[in-house]
Amino acid sequence: MSSRVVVLGVGLHPFGRHPDKSIGEMARVAGLAALKDAGVEYKDVQAGFCAHVNQGVGAGLRTFGQLGMTGIPVTNIELACASSSRAAMLSADAIANGLYDVVMVIGVEKMERGLLSGVGGKEFGYNDAMGINLMPAIYAMWAQRHMHLHGTKHEHFAKVSEKAHRNGALNPNAQYQKAISLEDVLTSRMIADPITLYECSPTTDGASAVILASEAVARKHTNAPVFLDTWVGGTPEYHRGEAEQAEGPNAVLAQKAYEAGGLGPEDVDVCQIHDAFSPGEVFLAEELGFCPEGEGGPFIWEGNTEIGGRIPINTDGGLLSRGHPIGATGGAMITELALQLRGDAGQRQVPDAKTALLHNAGIGGVNVMVLKR
Amino acid sequence: MSSRVVVLGVGLHPFGRHPDKSIGEMARVAGLAALKDAGVEYKDVQAGFCAHVNQGVGAGLRTFGQLGMTGIPVTNIELACASSSRAAMLSADAIANGLYDVVMVIGVEKMERGLLSGVGGKEFGYNDAMGINLMPAIYAMWAQRHMHLHGTKHEHFAKVSEKAHRNGALNPNAQYQKAISLEDVLTSRMIADPITLYECSPTTDGASAVILASEAVARKHTNAPVFLDTWVGGTPEYHRGEAEQAEGPNAVLAQKAYEAGGLGPEDVDVCQIHDAFSPGEVFLAEELGFCPEGEGGPFIWEGNTEIGGRIPINTDGGLLSRGHPIGATGGAMITELALQLRGDAGQRQVPDAKTALLHNAGIGGVNVMVLKR
Amino acid sequence: MSTESSVEKPAQRVAIKGASLRLGEGEEALEGCRCPDCGDTFYPPRTVCLSCYHEGLDRVALSRCGALHTFTIARMALPGAFVKAPYVIAQVQLPEGVIIPTVLDDVDPESVQIGMELEIVIEKAMSDAEGNDVMAFKFRPLKGGAA
Amino acid sequence: MSTESSVEKPAQRVAIKGASLRLGEGEEALEGCRCPDCGDTFYPPRTVCLSCYHEGLDRVALSRCGALHTFTIARMALPGAFVKAPYVIAQVQLPEGVIIPTVLDDVDPESVQIGMELEIVIEKAMSDAEGNDVMAFKFRPLKGGAA
Ligand SMILES: [Zn+2]
Ligand SMILES: [Zn+2]
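Protein chains in written order, with this note's numbering: chain A, 181 to 553; chain B, 181 to 553; chain C, 156 to 302; chain D, 156 to 302.
So, in structure tokens, the structure goes:
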């Protein structure tokens, strides 16, 4: 029953501020685009996963219900900023094991204005009183430690955002389609040293849709399938005496993905990573094995992660410029990599991209995937 | 790689009002009970699903993190009142396909006081202005239609609650452990005709934990495994000119479960169904095939669903008396059926129960399962 | 914001969020959608036909009269709701086949019966921040109909 | 509620929700947990040991001094927070190995350095509805320590 899994169709509702649109409306636009892209009809979809974080009870009905009411099981999946990549992994598990042939993931979010705040209960407590629940501060503290240990400079982090916006300017679905200078990034309002406003992903509304299919069914619709080849997910591991990991054991999961996919970091042609805040790309360039530990700053500064560089990262603008509607982000990452591997990424195209890596992290876990054509 | 799936361990945090307990605390109590019941250690658990509805970002970490931090993937699952049965189904899919040997589902909820309200966005609109978002009203309208078409009486519905509380009085984990009379039910405050206060499930806090395992691993821990034999889930189906279905196509899903499990309603020895409001049991007695359409009222009135009756339903008190912490309810249903099939249900035991059926419904979908020993 | 501008701009009639109303042009009514391919009708309006998956449905005014499909008498008011308990929550079936969730007006709750004929009442529910009349709807027993 | 009873009941010192403090008996400190089996230490307190899965850990007072593991200068205050921007959000590593998320007190944000020695300050954050002193903590540069 075991099957390879194909990313058969992808679609987005443009990311941005859409206060007057319902999640159903955005999901419909993304979903219809993905169906058209896949060349299948909604009634071919056998199961659905609705990835969202804060859209309330019934979101699966309110989104999939826009496309049809065929009785399929639809499950809501939440893993904070990594919700829709996790939903895709559960879909892939099911397809790989022969449970379904066609599964659809809709990721959607309408976000409240303001900077992301971290894990919290409903009651006012110590972290609220002390102003600790400031999401950029968490990345800022990791950044400060990196600067302390490795001599990384603020400019290194800022370069991530400059590059992200340069890429976003080439992406019609991006929230920001305007390049900004390194100077713009460095001189924008300081939020939590060393992170400035332009080093924070924005508040975004949007939807993504991904249709995954078994290879047998996919081959009826395409001669050049893009495979979701490998996927692994995890939570932070406790090791006595060691400092807390980020949202999960990034390096461990990447290693697992490389082993399962039969490749190494040197084989990756294009990559999507979780740059909710600019230091993320520096850390991940190291954790995913693209450069040695501690050298992420200079590695990015030298342009290695630009389109045309050794390992182009976040060719679509990433969370920083494409935007980060948290439930939809993983699906947008898959969308960009599918386009890149098909050669359909237009001005953003990485020449002859054959192998792609995806890293999506959220409070609650991390997902790493390999896509191949 | 295909394996049968065993319900290896079950555990509950007693259901009730626990305003001072965190979800982590309740999840830990349920989780440790399930691990002990299963005879496995937390480090044997290979994946986790946290089923909850309104507990905010990071609930998976805050619950599973109480038991250990081993790096396993943990995914939050939401399907309103059917969240934890859906989580168990995804776990079972993974085990059946050889992906994991041991998976843990934690269902947890701390509820706000007050009657359940239905699907809603964040903005005030027509349904709010008109007072339509009253959850009991939805069941009440189905009940009125049933009364109109089939002559069902309020007493028939009320009997469900009287029986539920009689069973709950035998369950040390139930929110209400006190029998009430039919008169008590009928004369309690009218909420939405014909549903009275005692015909509504209460506001409940609690947690459930279920450990599912492959048969091979389970056999190392038990000689009398209880199998999760069959599971199906779905959403409402649209059929032109037909009235809207409830939370899903109950009868269609039950039929699928019977076919997949190789049994019929006459083979079911004990059953858990979704009695969020008392009419639920009347409808489901029909939809699950225990009695002909329209005869659910008299069927229940005559005692057929009592312990000792033809098909004992909700032996643990059901949502009405055991309580209904929405994210935890499906796990509690599985817990009761596992105890019944093992012969460990104490005063509530249905003699020689071999086959069990579970029905759990929520806004967003319906799940039906068959358990066997 | 000034007195002048509020004088210049007459109050508009706008539908309350969550209700789809055809307002102002001829007889006011609920607005639904009809599929140009298969003829199926939907309320609330939608883009994709649930019967044949045609994309792009036509907006149509729905029948102003229908029959009571089912109901309940709500005995407690919900916070923020404009209706006072007891009130009748209802589903009204229109001739097009669609079922409309609503409340009943001008009716003794105890006398409501499934199947009774009803007609729509469209009326102002509140004013919005811009001074517009926010319109909502109820159904009431049809005059001359079986009640 | 009456004046008499509030006179009779002296203000208690209680820890703010989300902080675990040993208050009132001898020197005040953070309260963590130590595993009687393997000796690993945790903050905040927990029931199950993350190293050896032992159930039932011992409550222990944690060291009052530690070293700055990492920090940031928050330039915007969060709604409802008691601290005013700019303020230093910090992680402090105690000798037991645990890392404590907190804020720094009595320090020029621009002079903060990773590794600097710090000591805890436990002080009243607010009063609760019952008139109790709700206690919270910060860390500040250790007097005589490297700052
Ligand atoms: Zn049609
Ligand atoms: Zn230990």
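Cβ coordinates follow ideal geometry from the N, Cα and C atoms, glycine included.
| query | Mind checking if I269 (chain C) is an interface residue toward chain B, Cβ cutoff 8 Å exclusive? | reply | yes
| query | Taking Cβ-Cβ distances below 8 Å as the criterion, which residues of the segment 199-226 of chain A are in contact with chain C? | reply | R208, L212, E221, Y222, K223
| Which value, in whole angstroms, describes the spacing of the CA atoms of A291 (chain D) and N313 (chain A)? | 16 Å
| said: Given this structure, state the Cα-to-Cα distance separating T495 (chain A) from A396 (chain A), to the nearest angstrom. | reply: 30 Å
| query | A272 (chain B) by DSSP, collapsed to three states: which one? | reply | helix
| request: Mind listing the chain A neighbours of A166 (chain D)? Cutoff is C-beta to C-beta under 8 Å, in chain order. | output: Result: empty, since nearest Cβ-Cβ is about 18 Å, beyond 8 Å.
| task | Would you mind listing the alpha helix (DSSP H) stretches within the segment 453-512 of chain B that are 4+ residues and don't spill past its ends, in chain order? | result | 459-467, 476-481, 498-501
| request: List the residues that DSSP assigns as beta-bridge partners of K279 (chain D). | output: D:M290
| query | Quick one: Cα of A207 (chain A) to Cα of G511 (chain A), how far? | reply | 12 Å
| task | Could you spell out the range, first to last residue, of the beta strand (DSSP E) harbouring R208 (chain A)? | result | Here R208 (chain A) belongs to no beta strand (DSSP E); instead the alpha helix (DSSP H) covers 203-218.
| message | At the 8 Å Cβ level, is Y319 (chain A) part of the contact set with chain B, yes or no? | response | no
| query | How close, in whole Å, do the beta carbons of P505 (chain A) and F304 (chain A) come, if the pair is a contact with beta carbons under 8 Å? | reply | Contact flag wrong, Cβ pair sits at about 28 Å.
| said: Against P246 (chain A), what residues of chain C qualify as contacts under a CB-to-CB distance less than 8 Å, listed in chain order? | reply: For the record, residue 246 (chain A) in the displayed sequence is Gln; it is not Pro. Here the neighbours are R201, T202, V203.
| request: With a 10 Å radius around its C-beta and 16 neighbouring C-beta atoms as the bar for buried, classify L329 (chain B) as buried or exposed. | output: exposed
| query | Between the segment 212-221 of chain B and the segment 183-197 of chain B, are three or more C-beta pairs nearer than 8 Å? | reply | yes
| query | How is G287 (chain B) classed by DSSP in three states: helix, strand or coil? | reply | strand
| field | At least three beta-carbon pairs within less than 8 Å, the segment 245-257 of chain B to the segment 514-530 of chain B | value | no
| query | Is there contact between the segment 217-230 of chain D and the segment 242-259 of chain D, where contact requires at least three CB pairs shorter than 8 Å? | reply | yes
| task | Please go through the same chain and pick out, in chain order, the residues whose beta-carbon is closer than 6 Å to the beta-carbon of C193 (chain C), but skip the five residues on each side of it. | result | S206, C207
| request: Can you say whether R399 (chain A) is buried or exposed, counting buried as having 16 or more other CB atoms within 10 angstroms of its CB? | output: exposed
| query | Is DSSP giving A525 (chain A) helix, strand or coil here? | reply | coil
| task | Report the rounded CA-to-CA distance for R168 (chain D) versus N287 (chain C), giving the unit in angstroms. | result | 54 Å
| Nonlocal neighbours in the same chain, by C-beta distance under 6 Å from L500 (chain B), ignoring five residues either side | S341, A344, S381, D455
| Does any CB atom of chain A fall closer than 8 Å to the CB of A260 (chain B)? | yes
| field | Selection from A:A272, A:A389, A:G236 that minimises the alpha carbon distance to N547 (chain A) | value | A:A272
| request: Find the nearest neighbour of A423 (chain B) within the set B:G331, B:R325, B:N351, judged by alpha-carbon distance. | output: B:R325
| task | Keeping to the same chain, check which residues put their C-beta closer than 6 Å to that of D283 (chain D); ignore five residues upstream and five downstream. | result | V289
| said: List, in chain order, every chain C residue whose beta-carbon is nearer than 8 Å to that of M249 (chain A). | reply: L205
| query | Taking S562 (chain A) as the reference, which of A:V285, A:L377, A:R528, A:A338 has the closest Cα? | reply | Since the displayed chain A opens at 181 and closes at 553, residue 562 (chain A) lies outside it and no answer follows.
| said: Using 8 Å as the threshold, is the C-beta distance between L249 (chain C) and L217 (chain C) below it? | reply: yes
| In the DSSP assignment, what residue or residues form a beta bridge with N547 (chain B)? | B:G413, B:N540
| query | DSSP beta-bridge partners for F229 (chain A)? | reply | A:T255, A:V285
| request: Can you pull the chain B residues whose beta carbon is under 7 Å from the beta carbon of Y418 (chain A), in chain order? | output: M249
| query | Comparing the C-beta of I275 (chain D) with each C-beta of chain A, is any distance below 8 Å? | reply | no
| Which residues in the same chain as K558 (chain A) place their Cβ atom closer than 7 Å to its Cβ, once the five residues preceding and following it in sequence are excluded? | In the structure as shown, chain A starts at 181 and stops at 553, and residue 558 (chain A) therefore has no counterpart that could be examined.
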